[in-house]
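As C-alpha cells, the structure follows; a few thoughts come after it.
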Amino acid sequence: MKNKIFLLFFLGIFLIGIASAATYCCEKTTGSNPAYCQNVNDKTQCDSNFKSISSFCETSSFCQSGTCINQQEGTCISSTQTACESNNGFWSSKKKSELPQCQLGCCLKGDSASFVTQIACTKQASDGTATTFQSNVNTELSCLAMANPQTQGACVYTKDYVKTCELITKKDCQDKAKTSTLSGVEFHDGFLCSAQELGTVCGKSQKTICDDKGNVRFVDTCGNLANIYDSSKIVDENYWTKIQTPTCTPSNNLGNKDSKSCGACDYYSGSMCKDKKTGDAVDSGDFLCKNLDCTDYRGPYGEGVATPTNLATASNYPKHGETWCATSSKIGNANSTEDINSPGATYFKLTCYNGEVNTPEECDSTRGKICSETADKTSGFKTANCRKNVWEDCWSQTKQTDCEDISLRDCSWKNSGGYSFTENGLTNTDASGICVPKYAPGFERTNDKVDPNNDVVKSCGAAKAVCHVKMEKAIGGDWKCAPDKSGIFGLGSFKNNCSCLDSNWKTQMNNICTSLGDCGEKTNYFGVKGYAFDFVTTQTISS
Amino acid sequence: MNEKRGNRKFSHCNFSLKNRRGMMNKSGQVTIFIIIAIIIVAVGILLYSFYPQIKTSLGTAPQNPSSFIQSCIENDITNAVSKLSSQGGSIAPENFIVYNNSNVEFLCYINEYYKNCRVQQPMLKQHIESQIKNQIDKNVDACFASMKSSYEKQGYTVDLKTGEKRVELLPKRIVSTFNYSLTLTKGENVQRYNPFVVVLDNNLYELTAIANSILDWETTYGDAETTTYMTYYHDLKVEKILRGTEGKVYVITDRNKGNKFQFATRGQIWPAGYLAPTL
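Chains A and V supply the protein sequences, listed in that same order.
So for the first sequence, the numbering used here puts the first residue at 17; every next one is plus one.
So for the second sequence, the numbering used here puts the first residue at 3; every next one is plus one.
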C-alpha cells in the first residue's frame, strides 16, 4: 500500500510536469500578433472564438497543411484549412503538385505570355481576347520568352477621302473592315505604313518611341511604329518599306548601351529604351538604349565582401543584374574575414537593377547567415547570395582537412600553440591547431544588452585557458619562471610552462577566443574598441 | 548690346506705369499686390479643398452623372488603395510589423523558430477587393446622394435606385462597379444611367500576383529570391528588408507607375546560438 502511494505521488508529479510543458494548437491566437494556426504554450493565448487542441498544429485536423484554391482566379497557394476556408477559399489536403487545377503552364494572349494555371488563363480571355494555354511549358522564363508579337503588317484604308494606314495584325485589320465604315481596307503582310508603294499619307520621320519590348523604334508621320531606330537608315527607303530585324548592333557594345545611333536594346545585356536626359546624346529622336548599369553608385563595391571603405568608382561600378556582398563593419578589409566579423557587423547583399542599387538586403542580424559572392572569371560579373553560416560543429573538428572542408562547414584552422578545446576549456594537448568559426557568430542584442544565458555568449567560456607556471625565487632575488629540467635518465625531469608568461601566449589565446563569436577583446563594427581590461589573471595556488 | 536694349525697355515701361497711376507710391502698390496674391492663393486653396462640394452647391454639376461619380469617389478609392498597399492589403492590420511608419500586415506568419511561415491571407486579391469596398462604402452612398440633390436643384426629377457595389482588381486597373440605377426626367426628356463604373489606373493586380508568388516561396523554402522577379519582369523592383527576429518586409514597386505593395512575413527565424528558446 505504501508503495502504491509513492507510485501515485511520482506519477502525479510526472503528469503535472507534462501538463505544464504542453503545447496547444490555436486555430487563431489572440494578443498583439493574432495569427492562424500557431503553436503556443498557454491555452489562454488561443482565441476562444476559434478551435484549440492540446497538440501541435502539424497534427491537428483544422490546421493541417494543404492547398488553398482560389476557384475564381485559378490560383493555388499552400495554406492551412482554417486560413483558407475562413477567407472563402476551397481547401484541399493534397499538395499543389498533386492537384491538376494547380499546374502552371504558359498562357499566350496576343503579344504577351504569362505563367499561370489553366483557370487563370481562361479568365484572362474574359475581355474578348483569345488565349492559348500550353501545359507542356514548365518554366516561367521559357514561357515569357514565348511572348511573341503576332505578324503585323500595313492595314491600309480610306477615311474621309484620305488614304491612311495602321500597323496592326491581319485579324485586327479584317475586324476593321467588318466593323467600321472605312473603305478600301487592305492588309499588306510585313509591310510598314511608310512604304511608298502603298501610297498612303504616312511617311518617314525622325521621331522615335519606346516599344513594349524595350527597344527604340522609329515612328512614321501617322504615329505608327516602324523598324528599330538606326540613325544610318533615317532616309533609307528600303528600311521604311518592310518590317526588318536590326543590323546596327556592334560587337563591342552589347545592348547598344547609350548608343547615339542604334535602338536595339537588350535588357539582359544591360540596356533598355528610356527618355533622353540631359547629357545623353542621340542622332535623332528623344529616346535611347539607356545603360542600366549603376554608373552613379559610389557605395560599397569591390573584390570580396566590400567594407564601407571599398567604394565603387567612375570606372568600377556595379553592372545591371549584378549582386554583391558588403558588410557594415567599418574595420578590416574586404579580403579578410577576421576583422569584418566584429561585434555588431552584419553581411548584406546588394543588387543593381535598372540603374538603381536596391535597399541593401541584410543576411542576418547576428551573422547566422552570411553573404557569399562569386565572380565570373572572364567578365568579373558578381553574383551573391545570403546563406547559412555553418559554424556550429567547428569546435569538434580535430583535423585540419575536416575543419576546412567548405562543403560541410564554415571553419578555419588556427595555430593554437598546442591548445585544443576540452571540457575544461582550452588545454595544452600538443594539438597541431584548433578549429574555429570562419565567420564568428554574433550575439543577440536586446535594448543594447547581451543576454548572458545565451548559448553563444556561454560559448565564449570554451576559450578559458589555465596555465600552471612554477615560479621560484632565489634568496634576495625576484620571482622567476623555473626552467625546465631534463633530469638524469628521466628522473627528476620537469617541464614548466614559461611560454605562458609571454605576451604572445596572451595574444594567441585571445585570437582563439575572439574567433568564437563576439568574445574577448574586440573592436566593434563601428570602430569603437571594447572595454580594456586585463583578461589574464594570476593566482598563486601554493607556495 | 542686347542687355542694354533690355534695360532701356524696362525703364520705359516703369516710367509709363508711373504716369498712369499718378501719385500712387511704391509701398502702396506693393501692399495691393500682396493682398491680391493672398486672395488668389486663398481662393485656390478653397477650390482645391472643396471642389466637388462647391460644384454641387453652385449647381454646376457635370451633365454626365458617370463623370460626377468618378470625380466624387476617385480620390477615396485612390486613398484606400494607397493605404492598403503600404499595409499588406489591409486597412486596419491586426498582426503587423512597423516599417517606415506603416503597420505592415504579416501575410505569412509563424511564432516559432526554424519553421517556415503559414499563409495568413491565402485569398489576397479578394481580401483587398473587400477592403477597398468597405473603405469606400459610405462615401459611395454620399456621392450618389449628393449627385441626386445636385440634379434636383437643376430642376430634374431624380429616381435613384441603389444596387450592388463591386470592386475588382484587374490587369493594369481597379474597377469599381456600382449597380445603381439613375433616371433623370425633365419635361419629356428622360435619361437613364446604369451601372456606374469608376476605373483607376493602377496595377495592384500584378503586384499582388507577385506577392502571392513570394508567399509561395516563403511557405515552401522559407525565403524568396528577389532578383528572380526583377530578371523576369523588367519594370519591377522587389526589395526584401530584414527586421531581425521580427520578420521581414517585402516591397514590390512598379518602376513606371510608381505603384507599390508591401507586406511582411515571419518564418525561418534563427536565434543566435545553438538552440531555440522554447515557445
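A virtual CB, placed ideally from N, CA and C, is assigned to each residue, including glycine.
Here the structure is a predicted model, which means the values were calculated and not measured.
Review point. With 8 Å set as the bound, which would you pick, yes or no: does the beta-carbon of F542 (chain A) sit closer than that to a beta-carbon of chain V?
Key: The count along the first sequence starts at 1 and reaches residue 542 (chain A) at position 526. No, its Cβ sits nowhere closer than 8 Å to a Cβ of chain V.
Are three or more beta carbon pairs between the segment 61-75 of chain A and the segment 89-109 of chain V nearer than 8 Å?
-> no
Task: Own chain partners of S130 (chain A) with C-beta closer than 6 Å, once the 5 adjacent residues on each side are dropped - done: Locating residue 130 (chain A) in the first sequence gives position 114, where the first residue counts as 1. Cβ neighbours of S130 (chain A) beyond the five flanking positions: C123.
Practice prompt. Specify the secondary structure class of N307 (chain A) as computed by DSSP and reduced to three states.
Written response: Counting from one through the first sequence, the residue named residue 307 (chain A) turns up at place 291. In the three-state scheme derived from DSSP, where H, G and I count as helix and E and B as strand, N307 (chain A) is classed as strand.
In this structure, how does DSSP classify L171 (chain V) when only helix, strand and coil are distinguished? For the purposes of this step, residue 171 (chain V) is taken as residue 169 along the second sequence, with counting starting at 1. L171 (chain V) falls in the strand class under three-state DSSP.
| request: With 8 Å as the limit, tell me which residues of the segment 114-132 of chain V have their beta carbon closer than that to any beta carbon of chain A; keep them in chain order. | output: E114, R120, V121, Q122, Q123, P124, M125, K127, Q128 and H129
In angstroms, rounded to a whole number, what distance separates the CA positions of D291 (chain A) and D236 (chain A)? Numbered from 1 along the first sequence, position 275 holds the residue referred to as residue 291 (chain A). Numbered from 1 along the first sequence, position 220 holds the residue referred to as residue 236 (chain A). Cα-Cα distance, rounded: 19 Å.
Assigned secondary structure, K57 (chain V) (DSSP; H/G/I helix, E/B strand, else coil): Your numbering for residue 57 (chain V) matches position 55 in the second sequence. Interpretation of K57 (chain V) is limited by its pLDDT of 45, a score under 50 that renders its predicted location unreliable; the figure taken from the coordinates is listed afterwards. Of the three classes helix, strand and coil, the one that applies to K57 (chain V) here is helix, per DSSP.
- [ ] Give me the Cα-Cα distance between V217 (chain A) and Y207 (chain V), rounded to the nearest whole angstrom.
- [x] In the first sequence, residue 217 (chain A) corresponds to position 201, counting from 1. In the second sequence, residue 207 (chain V) corresponds to position 205, counting from 1. Taking the straight line from one Cα to the other gives about 40 Å.
query: What are the start and end residues of the beta strand (DSSP E) that includes S199 (chain A)?
result: As a first step, residue 199 (chain A) is located in the first sequence; it is residue number 183 there, counting from the start. Segment S199 to D205, the beta strand (DSSP E) holding S199 (chain A).
Exercise. Grab me the residues of G543 (chain A)'s own chain with a C-beta within less than 7 Å of its C-beta, minus the 5 sequence neighbours each way, in chain order.
Key: What you label residue 543 (chain A) is simply residue 527 of the first sequence in a count that begins at 1. These residues qualify, in order along the chain: K346 and I347.
Handout entry: 8 Å Cβ cutoff met for A478 (chain A) and G433 (chain A)
Key = Locating residue 478 (chain A) in the first sequence gives position 462, where the first residue counts as 1. Locating residue 433 (chain A) in the first sequence gives position 417, where the first residue counts as 1. No, they are not a contact pair.
Worksheet item: Which class does T210 (chain V) belong to by DSSP, given the choice of helix, strand or coil?
Response: For this step, residue 210 (chain V) is matched to residue 208 along the second sequence. In the structure shown, T210 (chain V) sits in a helix (DSSP, three-state: H, G or I).
### Message
For I254 (chain V) and K239 (chain V), I'd like the C-alpha separation in whole angstroms.
### Response
Here residue 254 (chain V) corresponds to residue number 252 of the second sequence, with the count starting at 1. Here residue 239 (chain V) corresponds to residue number 237 of the second sequence, with the count starting at 1. Spanning the alpha carbons of I254 (chain V) and K239 (chain V) requires a straight line of approximately 6 Å.
Note to self: On the criterion of 16 or more Cβ atoms from any shown chain inside 10 Å, does K545 (chain A) qualify as buried, or is it exposed?
What the structure shows: Translated into the one-based positions of the first sequence, residue 545 (chain A) becomes position 529. Exposed, because fewer than 16 other Cβ atoms sit within 10 Å of the Cβ of K545 (chain A).
task: Note down, in chain order, every chain V residue with its Cβ under 7 Å from the Cβ of C100 (chain A).
output: For the purposes of this step, residue 100 (chain A) is taken as the residue at position 84 of the first sequence. Simply P124.
Exercise. List the DSSP bridge partners of L517 (chain A).
Key: Start at 1 with the first residue of the first sequence, and residue 517 (chain A) comes out as number 501. Note: L517 (chain A) sits in no beta bridge, so no partner.
Subject >> From A:S210, A:L115, A:A141 and A:K112, residue whose alpha carbon lies closest to that of K125 (chain A) >> reply: In the first sequence, residue 125 (chain A) corresponds to position 109, counting from 1. Among A:S210, A:L115, A:A141 and A:K112, the Cα nearest to that of K125 (chain A) belongs to A:A141.
Note to self: Please classify D143 (chain A) as buried or exposed, where buried requires at least 16 other C-beta atoms within 10 Å of its C-beta.
What the structure shows: As a working note, residue 143 (chain A) is residue 127 in the first sequence. So D143 (chain A) ends up on the exposed side.
* To do: Please go through the segment 92-137 of chain A and give each complete beta strand (DSSP E) segment of 3 or more residues, from N-terminal end onward.
  => Fully enclosed beta strand (DSSP E) runs of no fewer than 3 residues occupy 106-108, 120-125 and 128-133 of the segment 92-137 of chain A, in order along the chain.
Host alpha helix (DSSP H) of P453 (chain A) (start-end): Along the first sequence, one-based indexing puts residue 453 (chain A) at 437. That residue, P453 (chain A), is in no alpha helix (DSSP H); its beta strand (DSSP E) goes I450 to P453.
Using a Cβ-Cβ distance cut-off of 8 Å, determine whether Q583 (chain A) contacts chain V. Here chain A covers residues 17 to 559 and nothing more, so residue 583 (chain A) does not appear.
Could you work out which residues of chain A lie near F108 (chain V), taking near to mean beta carbons separated by less than 8 Å? Residue 108 (chain V) sits at position 106 when you count from the first residue of the second sequence. The answer, in chain order, is N49 and A51.
- Task: Look at the Cβ atom of S183 (chain V), then the Cβ atom of K167 (chain V), and state whether they are nearer than 8 Å.
- Result: On the second sequence, residue 183 (chain V) is found 181 positions in, with the first residue counted as 1. On the second sequence, residue 167 (chain V) is found 165 positions in, with the first residue counted as 1. Result no, Cβ atoms of S183 (chain V) and K167 (chain V) do not sit closer than 8 Å.
For this session: Ignore the nearest five residues each way along the sequence and tell me which others in N374 (chain A)'s own chain have a CB closer than 6 Å to its CB.
Result: Residue mapping note: residue 374 (chain A) aligns to position 358 of the first sequence, counting from 1. For N374 (chain A), where only same-chain residues beyond five positions count, the Cβ hits under 6 Å are T367.
Next item on the list: Could you tell me whether any Cβ in chain V is nearer than 8 Å to the Cβ of G90 (chain A)?
Entry: Within the first sequence, the letter at position 74 stands for residue 90 (chain A). It does not; no Cβ of chain V falls within 8 Å.
Ends of the alpha helix (DSSP H) at E131 (chain V)? The residue labelled residue 131 (chain V) in the question sits at position 129 within the second sequence. Element bounds for E131 (chain V): L126 to K155.
**Request:** Identify the continuous beta strand (DSSP E) that holds A161 (chain A) and give its terminal residues.
**Result:** Here residue 161 (chain A) refers to the residue found at position 145 of the first sequence. Premise fails: A161 (chain A) lies in the alpha helix (DSSP H), E156 to A161, not in any beta strand (DSSP E).
inquiry  = Please tell me whether L186 (chain V) has its Cβ less than 8 Å away from any Cβ of chain A.
reply    = Counted from its first residue, the second sequence places residue 186 (chain V) at position 184. Not an interface residue.
Note down the Cα distance separating K85 (chain V) from A211 (chain V), rounded to an integer number of angstroms.
-> The residue given as residue 85 (chain V) occupies position 83 in the second sequence. The residue given as residue 211 (chain V) occupies position 209 in the second sequence. Distance between the alpha carbons of K85 (chain V) and A211 (chain V): 18 Å.
**Asked** With burial defined as no fewer than 16 other Cβ atoms inside 10 Å of the residue's Cβ, what is the status of Q555 (chain A): buried or exposed?
**Response** Taking the first residue of the first sequence as 1, we reach residue 555 (chain A) at position 539. Here Q555 (chain A) is exposed. Its C-beta has fewer than 16 other C-beta atoms within 10 Å.
message: Assuming contact is defined by CB atoms lying nearer than 8 Å, are V251 (chain V) and I93 (chain A) in contact in what I supplied?
response: The residue you call residue 251 (chain V) lines up with position 249 of the second sequence. The residue you call residue 93 (chain A) lines up with position 77 of the first sequence. Not in contact: V251 (chain V) and I93 (chain A) (Cβ atoms no closer than 8 Å).
*Say whether chain A places a C-beta atom closer than 8 Å to the C-beta of W219 (chain V).*
For the purposes of this step, residue 219 (chain V) is taken as residue 217 along the second sequence, with counting starting at 1. No - not a single Cβ of chain A is within 8 Å of the one on W219 (chain V).
- Beta carbon of D518 (chain A), beta carbon of F510 (chain A): below 8 Å? Stepping through the first sequence from its first residue, residue 518 (chain A) is reached at position 502. Stepping through the first sequence from its first residue, residue 510 (chain A) is reached at position 494. No, the pair does not count as a contact, with Cβ atoms beyond the cut-off.
**Report entry** G61 (chain V) classed as buried or exposed, judged by whether at least 16 other C-beta atoms fall within 10 angstroms
**Finding:** Position 59 of the second sequence, counted from the start, is the residue given in the question as residue 61 (chain V). The pLDDT assigned to G61 (chain V) is 43, lower than 50, so where the model puts this residue is not dependable, and the model offers no usable value.
**Asked** In three-state terms, what does DSSP make of L424 (chain A)?
**Response** The count along the first sequence starts at 1 and reaches residue 424 (chain A) at position 408. In the structure shown, L424 (chain A) sits in coil (DSSP, three-state: anything other than H, G, I, E or B).
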